[in-house]
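Below is one structure, written out as structure tokens, with a few remarks after it.
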Amino acid sequence: MSFGPPQQPPYGQQPPYGQQPSYGQQAPYGQQPPYSQQPPYGQQPPYSQYPPLPYAPAVMPDSVRTARIVLWVTVGVSVLHAAAAGSAYAAGYVTGGYLMLWVMALLASFYASRRSGVRGASTVLAVIQMFFAVVALSKMQVLLGIIPFGAALTVFILLRRDDARAWFTRPRTP
1 MSFGPPQQPP YGQQPPYGQQ PSYGQQAPYG QQPPYSQQPP YGQQPPYSQY PPLPYAPAVM
61 PDSVRTARIV LWVTVGVSVL HAAAAGSAYA AGYVTGGYLM LWVMALLASF YASRRSGVRG
121 ASTVLAVIQM FFAVVALSKM QVLLGIIPFG AALTVFILLR RDDARAWFTR PRTP
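Once you know that position 112 of the sequence shown is 112 in the numbering used here, the rest is easy, because the numbers rise by one and skip nothing.
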């Protein structure tokens, strides 16, 4: 009774032409390598050709994407509102009413970078814009109060959600 593998060539020698090499040996020159085999039980499989990726491709959550869109649309509305103003003084007054939203729209361009400082600055500016909008509403300036207040409140709520928090605190991929 033999305990070794049957008909295995001695170490360093190739099997005869036409035979498949045993597991762990290379195919002779000019022959195709054998099909991949499962490693024996209890052994690790060989390493893959490519290193594993640490994270799946990142997709911006809907709440963050919606906050960006709300900010950009509100800035567009502010441009139309300033253009509809009668004089340069009125246009400057209207633009000043939307000032924090302009800065927040600039910050919205950096939401894809996933830096938590961008999220924090946007939420603080949203609170300041809501305060300015309440002051404008108290002076009976409806357009300078309702539109910026609604946009700032929407952005504040969207950026305080858990999926937005996870987006901005997630490690960045190079």
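Note that beta-carbon positions come from the ideal geometry of N, C-alpha and C, so glycine has one too.
Sequence-distant residues of its chain with Cβ nearer than 8 Å to F156 (five each side left out): Counting from one through the sequence shown, the residue named residue 156 turns up at place 156. Closer than 8 Å at the Cβ level, and outside the excluded window around F156, lie T123, A126, V127 and M130.
DSSP-derived helix/strand/coil call for G96: Within the sequence shown, numbered from 1, the residue matching residue 96 stands at position 96. Here G96 sits in helix by DSSP.
Where the alpha helix (DSSP H) through Y138 begins and ends: Taking the first residue of the sequence shown as 1, we reach residue 138 at position 138. It should be noted that the sequence gives Ser, not Tyr, for residue 138. Element bounds for S138: S116 to S138.
Beta-carbon separation (whole angstroms), S78 vs Y98, contact threshold 8 Å: On the sequence shown, residue 78 is found 78 positions in, with the first residue counted as 1. On the sequence shown, residue 98 is found 98 positions in, with the first residue counted as 1. About 4 Å separates the two Cβ atoms, so the contact holds.
Where V155 falls: helix, strand or coil (DSSP): Counting from one through the sequence shown, the residue named residue 155 turns up at place 155. Of the three classes helix, strand and coil, the one that applies to V155 here is helix, per DSSP.
Rounded Cβ spacing between A82 and V73 (contact assumed at less than 8 Å): As a working mapping, residue 82 is identified with position 82 in the sequence shown. As a working mapping, residue 73 is identified with position 73 in the sequence shown. No, A82 and V73 are not in contact; Cβ-Cβ is about 15 Å, not under 8 Å.
Separation of A108 from V135, as counted between CA atoms: The sequence position of residue 135 within the sequence shown is 135, counting from 1. The sequence position of residue 108 within the sequence shown is 108, counting from 1. Those two C-alpha atoms are separated by around 25 Å.
Option in L144, R165, D62 and R170 with minimal Cα separation from G120: Translated into the one-based positions of the sequence shown, residue 120 becomes position 120. The option with the nearest alpha carbon to G120 is R165.
For V75, the three-state DSSP class (helix, strand or coil): Within the sequence shown, the letter at position 75 stands for residue 75. DSSP places V75 in helix when its eight states are reduced to three.
Boundaries of the alpha helix (DSSP H) in which A166 is found, first to last residue: Counting from 1 along the sequence shown, the entry for residue 166 is found at position 166. Per DSSP, A166 belongs to the alpha helix (DSSP H) from D162 to T169.
Three-state secondary structure assigned by DSSP to A58: Indexing the sequence shown from 1 puts residue 58 at position 58. Note: A58 maps to coil in three-state DSSP.
For A108, the three-state DSSP class (helix, strand or coil): Reading the sequence shown from its first residue, position 108 is the one you call residue 108. The answer is helix: DSSP assigns A108 an H, G or I state.
Close Cβ partners of Y89 (< 7 Å) along its chain, the five nearest in sequence each way excluded: Here residue 89 refers to the residue found at position 89 of the sequence shown. Shown here for Y89: not one same chain residue has a beta carbon closer than 7 Å to its own, the five before and five after excluded.
Helix, strand or coil at A85 according to DSSP, with G and I counted as helix: Within the sequence shown, residue 85 is the residue found at index 85, counting from 1. Correct three-state label for A85: coil.
CB-CB length for Y111 against V118, believed under 8 Å: Here residue 111 refers to the residue found at position 111 when the sequence shown is read from its first residue. Here residue 118 refers to the residue found at position 118 when the sequence shown is read from its first residue. That pair is a contact at about 6 Å.
Assigned exposure category for G96 - 16 Cβ within 10 Å defines buried: Looking up residue 96 in the sequence shown gives position 96. With fewer than 16 Cβ atoms within 10 Å of its Cβ, G96 is classed as exposed.
Cut-off 6 Å between Cβ atoms - residues of its own chain near F168, not counting five sequence neighbours on either side: Translated into positions along the sequence shown, residue 168 becomes position 168. Only R114, S116 and R119 meet the Cβ criterion.
Among R170, P171 and L153, nearest to A67 - alpha-carbon criterion: One-based indexing of the sequence shown puts residue 67 at position 67. Comparing Cα-Cα distances from A67 to each of R170, P171 and L153, the minimum goes to L153.
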